[in-house]
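K.L.:
Numbering-wise (the numbering used here), the sequence shown opens with residue 3 and increments by one.
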Amino acid sequence: MRIAISSDHGGNNLRREIMQLLDELNISYEDFGPQSADSVDYPDYAKPVSDGVANGEFDKGILICGTGIGMSIAANKVKGIRCALVHDVFSAKATRCHNDSNILAMGERVIGPGLAREIARTWLETDFEGGRHTRRVEKIAELEQ
């Protein structure tokens with residue numbers, strides 16, 4: 003599995019925490035930054051992760067900002083992306099099982115590092131169930147222009 007990960011300035015600390023988790027799980031990843039605490043525009047950091055997942059360069063992506071909202075909105079503008087904003091473990095599992103989400107968004111100002119690690123681990127380790135959910139995911143794809 004290969005992961006693309008990025009944040010804005012509001013998600014730098016949590017991004018580093020999740021990269022430590024990826025290291026512990028021996029999951030390959032590419033960090034798209036930012037490398038400083040200077041204010042940046044989250045769409046600029048959501049785009050390379052979303053493009054990389056959409057074109058198959060990466061299997062999944064993780065995006066983090068202050069709330070996760072901006073990153074998830076930006077990511078979902080890219081065709082082929084199903085980015086889920088998640089702040090609890092149940093939703094992390096459900097969005098993989100039922101929605102086949104390919105990008106996880108979280109908010110550093112919303113959850114702490116321990117919960118974020120648990121969410122990311124659950125999301126990474128949960129498979130898409132397929133079956134009746136496949137039809138629904140295909141209908142989501144039909145909505146893309």
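C-beta: ideal position from N, C-alpha, C; glycine also.
Name the one or two DSSP bridge partners that residue 90 has.
P.N.:
DSSP, once it has assigned bridges, lists no residue as partnering residue 90.
K.L.:
With respect to the alpha helix (DSSP H) encompassing residue 63, which residues constitute its N-terminal and C-terminal limits?
P.N.:
Not the alpha helix (DSSP H): residue 63 falls in the beta strand (DSSP E), residues 62-67.
K.L.:
Alpha carbon to alpha carbon, how far is residue 95 from residue 37?
P.N.:
Near 30 Å, if we compare the C-alpha coordinates of residue 37 and residue 95.
K.L.:
Find the nearest neighbour of residue 14 within the set 132, 41 and 28, judged by alpha-carbon distance.
P.N.:
If we check each option's Cα against that of residue 14, 41 comes out closest.
K.L.:
Where does residue 40 fall in DSSP's three states?
P.N.:
Here residue 40 sits in coil by DSSP.
K.L.:
Pull up the distance between the alpha-carbon of residue 99 and that of residue 9, whole angstroms please.
P.N.:
For residue 99 and residue 9, the distance between alpha carbons rounds to 25 Å.
K.L.:
Does the beta-carbon distance from residue 89 to residue 109 come in below 8 Å?
P.N.:
Going by C-beta atoms, residue 89 is nearer than 8 Å to residue 109.
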